[in-house]
Amino acid sequence: MLNKVWFWLAVIGITYGFAKGLYEEVVDSRQPETAVVSESKDPASADTTSSTTEEQSEDEVRERGLLASGQRLTESALNSAKTAVTLCIGLIGIMALWLGLLQIANDAGLIESLARLLRPAMRWLFPDIPDGHPAQGAIIMNLSANMLGLDNAATPMGLKAMQEMQDLNPEPDTATNSMAMFLAINTSNVTLIPFAIIGYRVLYNSSEPTQPIAGTLMVTSLATIVAIFAARMLSKLPMYQTSPVAAAAEPTSESTEE
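Following the UniProt record's numbering, the numbering of the sequence shown begins with 1 at its first residue and continues without gaps.
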């Protein structure tokens, strides 16, 4: 499903870029031209000559715009592909390093130790998740990767955490409060050290690649605090709470039918 979504997004983006470039090229190339009217005494022949000249000029402008737009689209696509490959190669080392460290931390039991250390905070943030559940470890690894600015490394653990929390969900078609809190924290994305941003700045030969650390830490911390309290306050509203009466009524009706 995701592959289809990305495919159609790419198709729509390419089509839109081509159409926009063609339109801009035609508009920019169209300049007011003075109609050359022959000094003929017959006004009908003069009108015919001017209209023919205008039609030819419009056709030429349209052809030039189409060719120029296609050429620019091809050049942009090739340059973007080259830039993407260059960035990926530059980030391979950084991603491999921190993914390896996260795996070592998991194998060494550091994640379990962090889970015990952060148990009070985990209980307050995710009260629906019991102690020692696999969802806690996945959440901690996801948040750890986000704190290090490793978004790509955090994605697999985030999906794993949502899968584990779904196993605890009494209503599979409705997100639990813990799921909402987890998504709120991921959206605000606490970042202690933005290694991905630092990697980009190093790749482009920045003189101070670590300069954004202080600003990133301040902004993401404030955003996370707001997201946590917003999720907590919204979870207390009646419209976002699960009705125990409705949940208990469903098995009763099914058993009655049987």
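Ideal placement from N, C-alpha and C gives every residue a C-beta, glycine not left out.
In this chain, V190 is not harboured by any alpha helix (DSSP H), its DSSP state being neither H nor E. L168 places its beta carbon less than 8 Å from that of D128.
Burial state of G199 is buried, judged by a 10 Å Cβ sphere holding 16 or more other Cβ atoms. Per DSSP, G132 is not a residue of any alpha helix (DSSP H), being assigned neither H nor E.
In terms of CA proximity to S144, L101 leads the group A108, E171, L101. Across the structure, R232 and M179 are spaced so that their CA atoms are roughly 12 Å apart.
Excluding sequence positions up to five before and after A161, its CB lies within less than 7 Å of the CB of A135, A138, I139, N142, F182, all in the same chain and listed in chain order. For E112, the enclosing alpha helix (DSSP H) stretches over residues 110-117.
As the crow flies, the alpha-carbon of Q211 is around 11 Å from that of I193. It is roughly 39 Å from the alpha-carbon of H133 to the alpha-carbon of V85.
The beta carbons of M165 and T176 sit closer together than 8 Å.
In this structure, DSSP gives F126 a state outside helix and strand, which the three-state scheme calls coil. Annotation for S235: the continuous alpha helix (DSSP H) segment containing it runs 213-235.
Between V219 and P209 the beta-carbon gap is near 18 Å, outside 8 Å, which marks them as no contact. In this structure, G149 lies near A196, with their beta-carbon atoms less than 8 Å apart. In this structure, I14 is the residue among A223, I89, T174, I14 with its C-alpha nearest to the C-alpha of T74. Only buried fits I185, as 16 or more other CB atoms lie within 10 angstroms of its CB. M122 counts as buried, since no fewer than 16 other beta carbons sit within 10 angstroms of its beta carbon. Under the three-state reduction of DSSP output, G158 falls in the helix class.
Taking the Cα positions, M147 is about 15 Å away from I111. The beta carbon of Y240 sits closer than 7 Å to those of L234, all from its chain and outside the five residues before and after it, given in chain order. In this structure, DSSP gives T83 a helical state, which the three-state scheme calls helix.
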